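Asks: Numbering (the working numbering), first residue to last: 7 to 219. Even glycine gets a Cβ: it sits at the ideal position worked out from N, Cα and C. Keep in mind the model is a prediction, meaning the values are calculated, not measured.
This is the structure:
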């Protein structure tokens, strides 16, 4: 593609949605039987998206059903309402400004929410629940306790590594913009949009200490 377009490789292979929806399709277009491979490629993207949605949705359904057992008696209605809510929330991403909305979520919610939640999980399991209890649980299931490598990894390496990633991300964080300054579709997000982004990032994380307390 770099040779065909006459551009430098770093300008061709970009990251993010450009890589998936522009670079890969352009590469597929140069292959024999391009329409067939294009169908397979976008079908793969569709199934990946559905699979990701199923995993997160099942976690929500299970958690709320445990807290409110009455939902189990009306599971079909509950699931239907939940996915209808997904549909309503996803409507803004289908508008003219949808690509900017998705980019904002990608820069805030997709990184900080996940990594901070995993950090809390590592701390809660290894420090609060206790490594001795974990070792006994593993022994009950597998017949033997975990070795020192796993104990050190769970108690020390994992929390420090995850904490370092969060700290590094916060230190190096810059307000994201869509595209490059030289691009005709470049968009600089207003200041209030970054508050919205942080709100999305903290919306799921904030419940961890609240529920713990």
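Going by the beta-carbon positions, is the gap between residue 132 and residue 100 smaller than 8 Å?
Replies: No, they are not a contact pair.
Asks: Would you identify the three-state DSSP class for residue 184, choosing helix, strand or coil?
Replies: Looking at residue 184 - three-state DSSP - the assignment turns out to be strand.
Asks: With distances taken between CB atoms, is the gap from residue 125 to residue 169 smaller than 8 Å?
Replies: In contact: residue 125 and residue 169 (Cβ atoms closer than 8 Å).
Asks: Going straight from the alpha carbon of residue 91 to that of residue 63, what length do you get?
Replies: When rounded, the distance between both Cα atoms is 12 Å.
Asks: Which residue marks the beginning of the alpha helix (DSSP H) containing residue 104, and which one marks its end?
Replies: Element bounds for residue 104: 104-114.
Asks: So who's on the other strand from residue 193, going by DSSP bridges?
Replies: Paired residue(s): 184.
Asks: Applying the 10 Å Cβ sphere with the 16-neighbour rule, what's the burial state of residue 86?
Replies: When all chains shown are included, residue 86 counts as exposed.
Asks: Considering only the beta carbon of each residue, do residue 73 and residue 51 sit closer than 8 Å?
Replies: Cβ atoms of residue 73 and residue 51: not closer than 8 Å.
Asks: Using C-beta distances below 8 Å, list every residue in its chain close to residue 183, excluding the 5 sequence neighbours before and after it, in chain order.
Replies: Answer for residue 183: 192, 193, 194 and 195, listed in chain order.
Asks: If I follow the unbroken alpha helix (DSSP H) through residue 86, where does it start and stop?
Replies: 81-96 is the span of the alpha helix (DSSP H), which, as asked, contains residue 86.
Asks: Tell me, please, whether the segment 77-84 touches the segment 39-58 by the rule of three or more beta-carbon pairs shorter than 8 Å.
Replies: Contact fails: fewer than three Cβ-Cβ distances are below 8 Å.
Asks: Buried or exposed for residue 166, going by 16 or more other Cβ atoms inside 10 Å?
Replies: Exposed is the call here.
Asks: Using the Cα positions of residue 28 and residue 159, report the straight-line distance between them to the nearest angstrom.
Replies: Each residue's alpha carbon lies about 40 Å from the other.
Asks: Which residue marks the beginning of the alpha helix (DSSP H) containing residue 160, and which one marks its end?
Replies: Taken as a continuous stretch (DSSP letters only), residue 160 belongs to no alpha helix (DSSP H), as it is neither H nor E.
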